[in-house]
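Take a look at the structure below.
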Amino acid sequence: MGLGTLAEQETDCNLLRRFLQLVFALPTSNAAVERGFSQTKMFLEARESLSLQSLFGQRITKEAILYYGGSDKVPITPALLIKQNMARQAYSVRLESERREKAAKEIERQAEKEASRKRAIEEAERADFASKKKKLEEEEKTLANQIKYDESVLEGIQDKAGKSINLSEVKSAMSTAKVLRESIKRKRSELASVTAKKVKLLERKAAK
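The numbers in the numbering used here rise by one with no breaks, and the one at position 57 of the sequence shown is 88.
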């Protein structure tokens, strides 16, 4: 057997060894994961209110006890004693940090609520402005058309009366013309009032 053959066999063995190590490293079941879920459930059911940090702490403590084989076998190191002495201070710092975070979130929530309220008011004001403006513009257009029509009719009546030689027709035309003039005068006054209202509406909108 040559040296080349031995080298090839050794390489194959190394590959096989690595393959077996990977296979044996894979879990054969998810029992450990399920056990972790069960333990977490027990912690949560035993307390009505438990923070995430407290849950982490209890889980880590339990895992450490299991790792060393019992609470009496856990080594009491100087680092552990320091951590224990500083636990209350760390707890107070965490509570203060959580309080500040909660307060900041509440301020943010209130600010968003206020901004939402202002947006709703602005939208309502815009809708109200558009509705009033449209109504005034429609009234303006209607009155302007009515005045234009009445003026056209009045012009025709006056022209007819000027050309007529029948006294009764002239008197009737003059009476009708008088009524039309009064109607036109009234409608012009209404048109001026509507225009003034629209101008005030636009000025109030521009002032905001």
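Even for Gly, the Cβ is constructed at its ideal location relative to N, Cα and C. For clarity, every value in this text was computed on a predicted model and none was experimentally measured.
Close Cβ partners of residue i (< 6 Å) along its chain, the five nearest in sequence each way excluded
| i | result |
| --- | --- |
| Leu51 | none |
| Lys216 | none |
| Lys239 | none |
| Asn197 | none |
Three-way DSSP call (helix, strand, coil) for residue i in this model
| i | result |
| --- | --- |
| Ile96 | helix |
| Met117 | coil |
| Gly187 | helix |
| Ile152 | helix |
| Lys228 | helix |
| Ile196 | coil |
Cβ neighbours of residue i in the same chain (closer than 7 Å, five flanking residues each side left out)
| i | result |
| --- | --- |
| Gln189 | Ala208 |
| Gln177 | Lys218 |
| Lys163 | Leu232 |
Contact under 8 Å by Cβ, residue i with residue j
| i | j | result |
| --- | --- | --- |
| Leu222 | Glu139 | no |
| Phe160 | Lys228 | no |
| Gln84 | Arg131 | no |
| Ser206 | Asp181 | no |
Residues of its chain near residue i, where Cβ-Cβ distance is below 8 Å and the 5 sequence neighbours each way are ignored
| i | result |
| --- | --- |
| Ala95 | Val105 |
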